[in-house]
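In what follows, a structure is listed as structure tokens, so that the remarks can point back to it.
Residue numbers (full-length UniProt numbering): 1 to 66.
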């Protein structure tokens, strides 16, 4: 996989290291980025499930009223 170097504020990286409990700055930032991406995928999956449920509810024949 290709690597990218990114310059970040040292204070920001130290805070990430403390919050993540990871002593290596590279690993700490990578863990946060991976978690962010995973959360995005979970959110997309949940939204898709809700859309599917709505479509199924809309597709069901309506009971006659009256």
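Cβ coordinates follow ideal geometry from the N, Cα and C atoms, glycine included.
Following the DSSP letters along the chain, one finds residue 6 in no alpha helix (DSSP H), marked with neither H nor E. Residue burial is scored here from C-beta neighbours: residue 28 has at least 16 other C-beta atoms within 10 angstroms and is therefore classed as buried. Taking a cut-off of 8 Å on C-beta distances, the stretch 7-20 touches the stretch 28-41, as three or more cross pairs fall below it.
Rounded to whole angstroms, residue 6 and residue 13 show a C-alpha spacing of 11 Å.
Distance between residue 51 and residue 38, taken at the CA atoms: about 20 Å.
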